[in-house]
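Q: Each protein sequence line maps, in turn, to chains A and B. Residues 0 to 332 in numbering that gives the first Met the number 0 are what the first sequence spells out, letter by letter. Residues 0 to 159 in numbering that gives the first Met the number 0 are what the second sequence spells out, letter by letter.
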Amino acid sequence: MSYVYAVARLRGMENHILDTAFFSRLMDSAGIDDAIKALGETSYSQWISQNGNNFDKAIDSEMLSTCEELKTFVPDKELLDIFRLPYDFHNVKVLLKGLFKVRGGESEGRRYDLLSKLGTINTEELMNAIETEEYGFLPYGLTDLIPQCWQLWDATKNAQAVELLIDHQMFSAMLKVAEDLKMPDVIHWVRSRIDAENLRSAVRLSRMKYDSPKALPFFHEGGTVRPDDMAKLLSEPQETWSRLLSHTDIGGVLSALQDSGDIKTSLSDVSKSLDDYLIKVLENAKYSMDAPANVLLYLLTKEAETRNMRVALVCVAGGLDREFGRRLLSNVR
Amino acid sequence: MEHLGLSLALFGAALAAALAGIGSAIGIGVAGGAAAGVMTEDPNKFGSCLILQALPGTQGIYGLLIAFFVLNKLGLLGGGGAAALTWNQGLQILASCLPIAVVGWYSAIWQGKTSAASIQMISKKPEAMGKAIILPAMVETYAVLALLTSILMLMGVQVG
Numbered sequence: 000m001s002y003v004y005a006v007a008r009l010r011g012m013e014n015h016i017l018d019t020a021f022f023s024r025l026m027d028s029a030g031i032d033d034a035i036k037a038l039g040e041t042s043y044s045q046w047i048s049q050n051g052n053n054f055d056k057a058i059d060s061e062m063l064s065t066c067e068e069l070k071t072f073v074p075d076k077e078l079l080d081i082f083r084l085p086y087d088f089h090n091v092k093v094l095l096k097g098l099f100k101v102r103g104g105e106s107e108g109r110r111y112d113l114l115s116k117l118g119t120i121n122t123e124e125l126m127n128a129i130e131t132e133e134y135g136f137l138p139y140g141l142t143d144l145i146p147q148c149w150q151l152w153d154a155t156k157n158a159q160a161v162e163l164l165i166d167h168q169m170f171s172a173m174l175k176v177a178e179d180l181k182m183p184d185v186i187h188w189v190r191s192r193i194d195a196e197n198l199r200s201a202v203r204l205s206r207m208k209y210d211s212p213k214a215l216p217f218f219h220e221g222g223t224v225r226p227d228d229m230a231k232l233l234s235e236p237q238e239t240w241s242r243l244l245s246h247t248d249i250g251g252v253l254s255a256l257q258d259s260g261d262i263k264t265s266l267s268d269v270s271k272s273l274d275d276y277l278i279k280v281l282e283n284a285k286y287s288m289d290a291p292a293n294v295l296l297y298l299l300t301k302e303a304e305t306r307n308m309r310v311a312l313v314c315v316a317g318g319l320d321r322e323f324g325r326r327l328l329s330n331v332r
Numbered sequence: 000m001e002h003l004g005l006s007l008a009l010f011g012a013a014l015a016a017a018l019a020g021i022g023s024a025i026g027i028g029v030a031g032g033a034a035a036g037v038m039t040e041d042p043n044k045f046g047s048c049l050i051l052q053a054l055p056g057t058q059g060i061y062g063l064l065i066a067f068f069v070l071n072k073l074g075l076l077g078g079g080g081a082a083a084l085t086w087n088q089g090l091q092i093l094a095s096c097l098p099i100a101v102v103g104w105y106s107a108i109w110q111g112k113t114s115a116a117s118i119q120m121i122s123k124k125p126e127a128m129g130k131a132i133i134l135p136a137m138v139e140t141y142a143v144l145a146l147l148t149s150i151l152m153l154m155g156v157q158v159g
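1. Among L151(B), L147(B), T113(B), S95(B), which has the Cα closest to the Cα of L51(B)?
2. Spell out whether any CB of chain A is found under 8 Å from the CB atom of Q119(B).
3. Looking only at its chain, what residues have a beta carbon closer than 8 Å to the beta carbon of N127(A), apart from the 5 residues adjacent to it on each side?
4. Nearest CA to the CA of I31(A): which residue from R326(A), R309(A), S329(A)?
5. For E126(B), return the contacting residues in chain A, with the cut-off set at a CB-CB distance below 7 Å.
6. Whole angstroms is fine: what's the gap from V185(A)'s alpha carbon to D18(A)'s?
7. Return the first residue and the last residue of the alpha helix (DSSP H) that K301(A) is part of.
8. Skipping 5 residues on each side, what residues in its chain have a beta carbon closer than 6 Å to that of F88(A)?
9. Quick check on this structure: which residue in M137(B), S117(B), A136(B), V138(B) has the alpha carbon closest to the alpha carbon of M128(B)?
10. So what does DSSP say about S245(A), is it helix, strand or coil?
11. In chain order, what are the residue ranges of uninterrupted beta strand (DSSP E) at least 3 long that sit wholly in the segment 97–140 of chain A?
12. Taking C-beta pairs closer than 9 Å, name the residues in chain A that G36(B) reaches, listed in chain order.
13. Quick one: which residues of the segment 278–307 of chain A get their C-beta closer than 7 Å to a C-beta of chain B? List them in chain order.
14. For N197(A), which of helix, strand or coil comes out of DSSP?
15. Specify the secondary structure class of F72(A) as computed by DSSP and reduced to three states.
16. Taking 8 Å as the cut-off, decide whether the C-beta atoms of C148(A) and L204(A) are in contact.
17. Spatial neighbours of W46(A) within its chain, please: C-beta separation below 7 Å, excluding the five flanking residues on both sides.
18. Less than 8 Å between the C-beta atoms of F99(A) and L163(A), yes or no?
19. Give a yes or no on whether the minimum CB-CB distance between S95(B) and chain A is below 8 Å.
20. Is there a Cβ of chain A sitting closer than 8 Å to that of K72(B), yes or no?
21. What are the boundary residues of the alpha helix (DSSP H) that includes A81(B)?
22. Are the beta-carbon atoms belonging to I193(A) and H167(A) less than 8 Å from one another?
23. One question on the structure: do A13(B) and V3(A) come within less than 8 Å of each other, judged by their Cβ atoms?
24. Specify, as a first and last residue, the run of the alpha helix (DSSP H) that P212(A) falls within.
25. Taking the alpha-carbon positions, what's the L147(B) to A30(B) distance?
26. Residues of chain A with a CB under 8 Å from the CB of G26(B): which are they?
27. So within the segment 110–158 of chain B, which uninterrupted beta strand (DSSP E) runs reach at least 3 residues, ignoring any that extend past its ends?
28. Quick one: does G77(B) have its CB under 8 Å from some CB of chain A?
29. Do M173(A) and S84(A) come within 8 Å of each other at the CB atom, strictly closer than that value?
30. Please decide whether N14(A) counts as near chain B, where near means a Cβ-Cβ distance under 8 Å.
31. In terms of alpha-carbon separation, which member of E13(A), V313(A), D289(A) lies closest to K123(B)?
32. Which same chain residues end up closer than 6 Å to F68(B) when comparing Cβ atoms and leaving out the 5 residues on each side of it in sequence?
33. If you count every other CB in all the chains shown that lies within 10 Å of the CB of Q58(B), and 16 or more means buried, which is it?
34. Along the chain, which unbroken stretches of the alpha helix (DSSP H) at least 4 residues long are found entirely within the segment 18–84 of chain B?
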């Protein structure tokens, strides 16, 4: 299937992505009214006025509208599913955790406000399926996964273990969709995404003083680095991690973080570097006029833009430290 | 067997027009897809896109030119009847048509791809239109060389 039209259209759409300089200016706004005025000429303004200054909803609406637009011209819808599928699993987590609480006796357990419309499954249908325990139509292995989650919850009452089980299935489903597409760049990106998630977990678990055997179940299969090797990092000082992973692509992220000392200071810096890394993995697609990976690249860039928007608006509305906010901005363009 | 020479020569003319034309159609189609994508977002780029989309069309014209050249050489255009050709002369004309037929076919497709990439380039950098034209024009060089080869070979074939 030819991606010439799709990629050319994405190139045109890229011109409307807001750059880091814009967000820097946005953060210089005196107050939220000035920030909204600055957003007047962007595509966000329509959502802000529709959602009555609810920024979170406005930002989600912009992302959803982008996904819907791409659906109209991207030849393989599964490519969009790879991007949207994590939101389905996020929704499953929200719904199950809510039900765990309700069954535990908490009347306010359900948090439907945390559901994301960015998933591929309609949130109402997902809600009904989980509440009525009719999972038959659910894709991505959810039909079998949700009963397993209930069994695990009944046996352990451990929400973290259930989340982990859901995450394992999510990455396995992402990899399967990518492999079915038979697009090497996309498969490589999914595997890099698993590496990034595993590395994020390694940094987090290291701070929580987990040792290798205890940490092993937290790592997902399918990445370019095996879970065993990721777990082994935890028995070594963090300074040596970049050397231990030097043979992998993700080792470069660690080297850069260790050079700046950020790996020890802030988990948000690690997360930002890993998000930037996942965009860099796809950057070669920029030089192709018909590489399908350009679709994922655009979606990730747009997602980085929405993340920047959230950071900037939270900083302005909450009067937070602007310098800290600037550090969190991703370099989208 | 008395018309084999004429048949071979006409087959050559048909190949030149058809293969180069097919290549141009594919090339223009690829560039057109990119142009449509860019213009969906910015219809003001129609002029620039049209120029770049038209570039792979020249091979089809070169193929047609060679076909006319052959028909003229055979005396089929003036209505005076076809010249008598031996099979050897017919084969020479067929061979003369092959450079533009084959090179025209391939170069038009690749020029279309380069044009599509250039169209994507001007979508982000409209000021680089000059450079965007030069890149696919480089591919054109080889179609022109093939045209020249076909013409020189045809001129060397003695008919009648």
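All C-beta atoms in this analysis are idealised placements derived from N, C-alpha and C, irrespective of residue type, glycine included. In this text, all values refer to a predicted model and were calculated from it rather than measured experimentally.
A: If we stick to the structure as given:
1. The shortest Cα separation from L51(B) among L151(B), L147(B), T113(B), S95(B) belongs to T113(B).
2. Chain A contact via Cβ: present.
3. Here N127(A) has E133 as same chain residues with Cβ atoms under 8 Å from its own Cβ, once five neighbours each way along the sequence are excluded.
4. The option with the nearest alpha carbon to I31(A) is R309(A).
5. What E126(B) touches in chain A: nothing, since even the nearest Cβ is about 13 Å away.
6. Cα atoms of V185(A) and D18(A): separation of roughly 25 Å, rounded to the nearest angstrom.
7. It spans 292–317 - the alpha helix (DSSP H) in which K301(A) sits, taken as one unbroken run.
8. Once the five neighbours on either side are set aside, the close Cβ partners of F88(A) are I165, M169.
9. When only C-alpha atoms are compared, the closest one is S117(B).
10. DSSP places S245(A) in coil when its eight states are reduced to three.
11. Qualifying beta strand (DSSP E) stretches: none in this window.
12. Residues of chain A whose Cβ lies closer than 9 Å to the Cβ of G36(B) are, in chain order, V3, Y4, A5, V6, A7, R8, L9, R10, G11, F72.
13. Legend: CB atoms of the segment 278–307 of chain A lying less than 7 Å from CB atoms of chain B belong to residues M288.
14. The answer is helix: DSSP assigns N197(A) an H, G or I state.
15. Coil, per DSSP.
16. With contacts defined by Cβ atoms closer than 8 Å, C148(A) and L204(A) do not form a contacting pair.
17. Hits under 7 Å: A57, S60, E61.
18. Contact flag unset, no.
19. No, because no Cβ of chain A sits closer than 8 Å to the Cβ of S95(B).
20. No, K72(B) does not count as interfacial toward chain A.
21. Neither: A81(B) is in no alpha helix (DSSP H) and is coded neither H nor E.
22. In this structure, H167(A) does not lie closer than 8 Å to I193(A) by Cβ.
23. Their beta carbons are not under 8 Å apart, which means A13(B) does not touch V3(A) by this criterion.
24. Per DSSP, P212(A) belongs to the alpha helix (DSSP H) from 211–214.
25. Cα to Cα, L147(B) sits roughly 26 Å from A30(B).
26. In chain order: nothing, as chain A lies at least about 12 Å away.
27. Correct list: empty.
28. No - not a single Cβ of chain A is within 8 Å of the one on G77(B).
29. This sequence places Leu at residue 84(A); Ser is not what is there. Remark: C-beta atoms of L84(A) and M173(A) approach each other more closely than 8 Å.
30. True, the Cβ-Cβ gap to chain B drops below 8 Å.
31. Distance check between K123(B) and each of E13(A), V313(A), D289(A) places E13(A) closest, using alpha-carbon atoms only.
32. Around F68(B): L153.
33. Around the beta carbon of Q58(B), 16 or more other beta carbons sit within 10 angstroms, so the residue counts as buried.
34. Counting only runs that start and end inside the segment 18–84 of chain B, the alpha helix (DSSP H) elements of at least 4 residues fall at 45–53, 57–72.
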